[in-house]
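Numbering (my numbering), first residue to last: 6 to 285.
C-beta: ideal position from N, C-alpha, C; glycine also.
Remember, it's a predicted structure, so these values are computed and weren't measured experimentally.
Taking it in order: structure first as structure tokens, then the write-up.
Dropping the structure here:
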């Protein structure tokens, strides 16, 4: 018995050490980014430092005094990411709910088509997508960055698998017997049950939309409509080639909303794990 306890404690010790190592791998790059945002260009070129500097105000002045519209880019990214996340999560949840609850002809084919689309790289269809957007005269517009988010095959897959594990069809039947229509059942009964899955997918959708650079770079041409990743990319131009502190500060500012959004949505995931499934 003592040997078993000792081996168990040793195993737990190494597991905790390994998890600590993985945590440090995730935290150290962000910490170095924040530290470099407070250092001067000369200090950054001299090497890595774990101690913050005192040049944050200068870096902020260098960042904002040369036409870098950080607040405009922040608002543009926030608007696009929020709208895309809402569209992604809601319509994906509706699609997953329909595939799980309704038994209609062609359901298996549609489910297989969704899985096939999920396995195809998005770059294969981008040329056709660009031509389609140009034909609709929606270039330099936020609509092509928001509406396509409703067709998210991976989100549909995740939410449907979640529904298969926690939802009882009897709950839907009981709602119909009580006289509720289908949209009321989905919006008022099913969505709260799916909240942990929705929160998890909302995090991925928001981060993906916020960090999206390639699609806005191709579709958006007006500087006033640039998202924050596009503005950060502009910091690599000739004007900013020596202001590495300003570049690090711009990147640090761009990840703050992601951290705030994750900290806000993670509590829904934790509460959903503890609430359990639907009990018959």
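- Task: Scan the region 153 to 240 and note each continuous alpha helix (DSSP H) run of 4 residues or more that stays entirely inside, going in chain order.
- Result: 158 to 171, 174 to 182, 200 to 216, 219 to 224, 233 to 239
- Query: Comparing alpha-carbon positions, which option in 197, 185, 212 lies nearest residue 4?
  - Reply: Lying before the first or after the last residue shown, residue 4 is absent from the chain, which here runs from 6 to 285.
- Which class does residue 58 belong to by DSSP, given the choice of helix, strand or coil? coil
- Along the alpha helix (DSSP H) that carries residue 132, what are the first and last residues, could you check? 131 to 140
- Message: Mapping the DSSP letters down to three states, classify residue 89 as helix, strand or coil.
- Response: helix
- Using the Cα positions of residue 56 and residue 106, report the straight-line distance between them to the nearest angstrom. Cα to Cα, residue 56 sits roughly 56 Å from residue 106.
- In chain order, what residues of the same chain lie with their CB nearer than 6 Å to the CB of residue 119, ignoring the 5 residues before and after it? These residues qualify, in order along the chain: 158, 161.
- Message: Do residue 123 and residue 168 have their beta-carbon atoms positioned less than 8 Å apart in this structure?
- Response: no
- Can you tell me the Cα-Cα spacing of residue 113 and residue 175, whole angstroms? Near 22 Å, if we compare the C-alpha coordinates of residue 175 and residue 113.
- Message: I'd like the list of long-range same chain contacts for residue 209, defined as Cβ closer than 6 Å, with 5 residues on each side in sequence excluded.
- Response: none
- Which value, in whole angstroms, describes the spacing of the CA atoms of residue 87 and residue 211? Going by the C-alpha atoms only, they are around 7 Å apart.
- Item | Reduced DSSP secondary structure (H/G/I, E/B, other) of residue 10 | The DSSP-derived three-state label of residue 10 is helix.
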